[in-house]
Every structure is written in structure tokens, then in C-alpha cells.
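Trainee:
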Ligand code: ZN
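Numbering (this note's numbering), first residue to last: 22 to 510.
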């Protein structure tokens, strides 16, 4: 590869040169959504972060297999659930099939991700479609001596594992601390140790989502699906595993323990974690009243929002911050992004109108290299945009007659912007109201000319029908001697 990329590996806690195991093939796994609720702001950041990585690696010529799972088996993630599966609970309240709920929110997630212009992963495996493989991994871990059975549930033996391997290597947590910090959770008394985690849980009678197994009718532990589906589609050793920082512990730590306990070595070469989003300095949470869904963000329909924000404004806003830094949402910050994006997109349109000279007053090759350097340095999108805005000043200065550019450089400048802004950063031109009004106007004129033709051919049925339908749609036609006029009611 022409470009050498450095990415920060959470496991080694430093930036490393990215060298795929089987270059140019790259295997990349990202923890996907749990589909029992509306897609929200918290979904946008990982989706966009790993979308940029996917797009950039593909742009550089890597063949990327991007796997992102759908968690649809509904897991017990905290003690508030009191033994009730999340999807099942919703299904009972809304009287739907659990899989209908999961499908509904999966569709909704896909719609919102499309709005944000994220590319679909190469494979999107569902946890519910991999129960057999998950049971197989449990059997393997039991066989290797790192799991035990209690009343039909199977738990991972963290203490035994830690004697041979290192539990906590990713998160930096030490077992002794975990021991003293553990809260009493539901079903805890079953485990040998509070920090042991479930590989298989026996289902309570009210639990709808359940599968038969060697041990009980039950369901897999949450961490299991990612260990299973990543290695099924990417091989026992693969390149990148990504997710939000909130998943680092226990989810990813447990994934490492499971894979190592089963295979004797871990699966992932580079662990990547995006930082979290806060809202006016606070963590987002339903109980805090600052929980914002993507739908609310796109429509402005939330008490904390001063206006609607387009998906591209959100995308640009997220990319203006480095993925490993916390990102704070506020109306002021979003409004600034909206303006910035407009300035950037306008400048790209201006490129087409620039007059060329013999020479250029900016080194375009160097400018392009700086854009690559920014992304090669652990996907530093804010630095990339800083360079692109330097370029915007240059473009506007050429338009004002204060700078010059040669025709070859102009072509290269245009390509550079298209490559970085549209292809890699995945931004799109926003259709303005003026542009859509123009389109509406031409469509109405086409219809009215068709009506005029019908009238001239004495096909009054058709001409009346067009008039009536337009009238129903709120468009009033006034016939004139030499044609027509129309207005919107
Ligand atoms: Zn996961």
C-alpha cells in the first residue's frame, strides 16, 4: 500500500502501524445495535466512525469485509431488568411477536443509518441466527475447563482463566478491584464468584425468547454472540474489532476471555474504541430527560433542540471531532457545524467556476498529501477538515482574484475535494429548499402542458382529470387565452 496508516490500539494503548494479517484483505468487526428501541444519538457516532474507516481502507485499495452484528436476542444487561428479557417485555406490552419488534427496530436503524449516509456492512449477522454456533463455543469453553454449570446456566470461570491468561488486559482492570466493587445482581448467588459472567442462561418461565440446549431451555450470554460471529465470518484471527468505549468493559474484555479460553489465543489484532457523546456536558440517559433519538434530531421535535438538524449536519459535526475524544452536543455547536458544512459545500461548487492561470499560488500536491497524512494518523478527521477549510479560503481567494491556479492543478484540487469530502468523509450535497422548489415548478409545468395538449386534442376527460387532481394537491390553475397560470393554495 502506498499509504502507511497508524491506528490507536486500545490493547497496546498506543498508535501502531496498520498491517493486516492477510493484506490486502482486511477483516473488521463492529458491535452493532441492540434492536429494542429507536435509534438514537449514541448509535450515530460508532456507525459514522467505522464507516469512515471502512470507506478509507477501501479507498486505499484494501478489500474490507465489514461485519456488524444485530443483537436481537434481548439480553439482561442490568439489574433493572429483573429477569425480564427486553425484547420479550416490549412484545408483551405491545402484543407483538418478539421478532416483529426486533425487525421493526432493525428497519428503523437501517433507515436512519441510510440518512446518515453510512455504507451497509458486508455481512450483518443476527445473534438469533447463530444460536447453534454459540452453544458450540460454550461446549468448547466447558471442555477446556473454563466454565461451570449451575442450575442449567453456564458461567465463565474468570478466576481460573486469570491464573493462566490475563483477565483485564484490555480494560486495565484488575481482578482484585473487581472483586471488591461488584454489586449484588440478580442471579448472582448462583455464581462461584460475582465477576463470573453467563455464557448460557436458563430462561425463567416468563422469558419468551428461548432455545433448547444441552443444559436448559435458555438463551446465550450477550458477550458470546460477538466472539462467535466475528470469528465465523472473519477467521479465528482477524484485524480490527471496533465499538464504543462503553463496550470496553465488560463486553470486549469478556469477548477476549471467551476466545482465548476456547482457542488458546485471542482473535483480534487491533481493538478500536470511539469515545462517547454527551449532551451539554451530561451523559445521555432516559432518566435525565436528554435522551435524543435520531428521528427527533432530524425533525427538531425535542425540547432541547432549537431546530431540526439535517443528517449531514450531524455527520459533519461528528467528524469535526476526533473519534477518541468525547463529543458534546449543543445547539450552538450544531448550528456552527451547519454553517461550516454549507461553506465547505459552496466552495466545492465554486471550484467549477474558477478561471485558470499559467501557475498556481498553492502547492496542490502538498495540500493533498496533508489530507492523507491527517487520516493516516489514526483517522484524524478534525485535522483533515482544518486542511480542507484552508483550501476553502484559497478557493474563495481565487474567485475574488487574489490567488491563481493552473488548469491541471484545478482538476487535481477538484478531485481532492470530491475524494475526501464525498467519497471518504461520506458527506452529500444538501438539497436546499430553492432547489426542490425549482424541481416542483418544472413538474407542475410538465403536467399543465400535458393538460393543454389534451385540451387541444379535445380530450376533455384527461384535461379535467389533471386539473382536478392538481386542485386536490393544492395547486390552482387559471386558464388564460394563451396558456395558463397556476398558484399554490
Ligand atoms: Zn459486541
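Think of the CB as a built atom: it goes at the ideal place given N, C-alpha and C, for glycine as much as any other residue.
Bear in mind that the values here come from a model prediction, so they are computed numbers and not experimental data.
Mark residue 36 as exposed unless 16 or more other C-beta atoms lie within 10 angstroms of its C-beta, in which case mark it buried.
Mentor: Residue 36 comes out exposed.
Trainee: How big is the Cα-Cα spacing for residue 291 and residue 260?
Mentor: Residue 291 and residue 260: Cα-Cα distance of roughly 6 Å.
Trainee: Between the C-alpha atoms of residue 136 and residue 479, what's the straight-line distance to the nearest angstrom?
Mentor: In a straight line, the C-alpha of residue 136 is about 46 Å away from that of residue 479.
Trainee: Inspect the CB distances between the stretch 382-399 and the stretch 423-434 and report whether three or more fall short of 8 Å.
Mentor: They touch, by the three-pair rule.
Trainee: I need the straight-line Cα distance from residue 392 to residue 409, nearest angstrom please.
Mentor: Cα-Cα distance, rounded: 8 Å.
Trainee: For residue 177, which beta-bridge partners are listed by DSSP?
Mentor: DSSP lists 168, 218 as partners of residue 177.
Trainee: Would the beta-carbon of residue 275 be found less than 7 Å away from any heavy atom of ligand 1?
Mentor: No - ligand 1 has no heavy atom lying nearer than 7 Å to the Cβ of residue 275.
Trainee: Please list the terminal residues of the continuous alpha helix (DSSP H) segment that includes residue 483.
Mentor: 481-493 is the span of the alpha helix (DSSP H), which, as asked, contains residue 483.
Trainee: Can you give me the C-alpha to C-alpha distance between residue 497 and residue 255, rounded to a whole angstrom?
Mentor: So the alpha carbons of these two residues sit roughly 60 Å apart.
Trainee: Excluding the 5 residues flanking residue 44 on each side, which residues of the same chain have their C-beta closer than 8 Å to its C-beta?
Mentor: Contacts found: 22, 83.
Trainee: Is residue 264 near ligand 1 - that is, is its Cβ less than 7 Å away from at least one heavy atom of it?
Mentor: Indeed, a heavy atom of ligand 1 lies less than 7 Å from the Cβ.
Trainee: Kindly indicate which residue of 200, 199, 142, 245 has the alpha-carbon position closest to the one of residue 94.
Mentor: The candidate whose alpha carbon is nearest that of residue 94 is 245.
Trainee: Classify residue 470 as helix, strand or coil using the three-state DSSP reduction.
Mentor: The answer is helix: DSSP assigns residue 470 an H, G or I state.
Trainee: Quick check on the DSSP output: what are the complete alpha helix (DSSP H) runs of length 4 or more inside the stretch 39-111, in order along the chain?
Mentor: Runs found: 62-80.
Trainee: Does the stretch 141-157 come within contact of the stretch 232-245, defined as at least 3 CB pairs closer than 8 Å?
Mentor: With a cut-off of 8 Å, the stretch 232-245 and the stretch 141-157 count as touching, because enough Cβ pairs lie within range.
Trainee: Would you call the stretch 435-452 and the stretch 361-369 in contact, with 3 or more CB pairs under 8 Å?
Mentor: At 8 Å Cβ cutoff, the stretches touch.
Trainee: Quick check on residue 380: does DSSP put it in helix, strand or coil?
Mentor: Three-state result, residue 380: coil.
Trainee: Can you pull every residue whose C-beta falls closer than 5 Å to some heavy atom of ligand 1, listed in chain order?
Mentor: Answer in sequence order: 52, 247.
Trainee: Under 8 Å: do the stretch 84-93 and the stretch 338-347 share three or more Cβ pairs, one atom per stretch?
Mentor: No, the stretch 84-93 does not touch the stretch 338-347.
Trainee: Is the stretch 313-320 touching the stretch 280-289, taking contact as three or more C-beta pairs under 8 Å?
Mentor: Because the criterion of three Cβ pairs below 8 Å is not met, the stretch 313-320 and the stretch 280-289 do not touch.
Trainee: Tell me which residue opens and which closes the beta strand (DSSP E) that residue 500 is part of.
Mentor: 496-501 is the span of the beta strand (DSSP E), which, as asked, contains residue 500.
Trainee: According to DSSP, residue 243 sits in a beta bridge with which residue or residues?
Mentor: Note: residue 243 sits in no beta bridge, so no partner.
Trainee: Is residue 217 buried or exposed, if buried means 16 or more other CB atoms sit within 10 Å of its CB?
Mentor: By the 10 Å Cβ count, residue 217 comes out buried.
Trainee: Leaving out five residues on either side along the sequence, give the residues of the same chain with a beta carbon under 6 Å from the beta carbon of residue 92.
Mentor: Excluding positions up to five away in sequence, the list reads 55, 148.
Trainee: Quick one: using the 10 Å Cβ neighbour count with 16 as the cut-off for buried, is residue 471 buried or exposed?
Mentor: Flag for residue 471 reads exposed.
Trainee: Restricting to Cα atoms, I'd like to know which of 124, 150, 129, 223 is closest to residue 170.
Mentor: When each option's Cα is compared against that of residue 170, the closest is 223.
Trainee: Could you give the distance in angstroms between the alpha-carbon of residue 114 and the alpha-carbon of residue 120?
Mentor: Roughly 14 Å between the two C-alpha positions.
Trainee: Helix, strand or coil: how does DSSP classify residue 423 here?
Mentor: Here residue 423 sits in coil by DSSP.
Trainee: How far does the beta strand (DSSP E) with residue 350 in it extend, from its first residue to its last?
Mentor: Per DSSP, residue 350 belongs to the beta strand (DSSP E) from 348-350.
Trainee: Using CA coordinates, which residue listed in 229, 412, 141 is at the minimum distance from residue 117?
Mentor: Out of 229, 412, 141, 229 has the C-alpha closest to the C-alpha of residue 117.
Trainee: Verify whether the separation of the beta carbon atoms of residue 277 and residue 199 is less than 8 Å.
Mentor: No; because the gap between Cβ atoms is not below 8 Å, this pair is not in contact.
Trainee: How is the alpha helix (DSSP H) around residue 386 delimited, first residue to last?
Mentor: That run of the alpha helix (DSSP H) goes 385-397.
Trainee: Could you spell out the range, first to last residue, of the alpha helix (DSSP H) harbouring residue 527?
Mentor: It is not possible to answer for residue 527, since the shown part of the chain is limited to 22 through 510.
Trainee: Give the range of the alpha helix (DSSP H) segment to which residue 333 is assigned.
Mentor: First-last of the alpha helix (DSSP H) with residue 333: 332-340.
Trainee: Per DSSP, what kind of secondary structure is residue 430 in: helix, strand or coil?
Mentor: Helix at residue 430.
Trainee: Which word fits residue 212, buried or exposed, when buried means at least 16 other C-beta atoms lie within 10 angstroms of its C-beta?
Mentor: Buried: at least 16 other Cβ atoms inside 10 Å.
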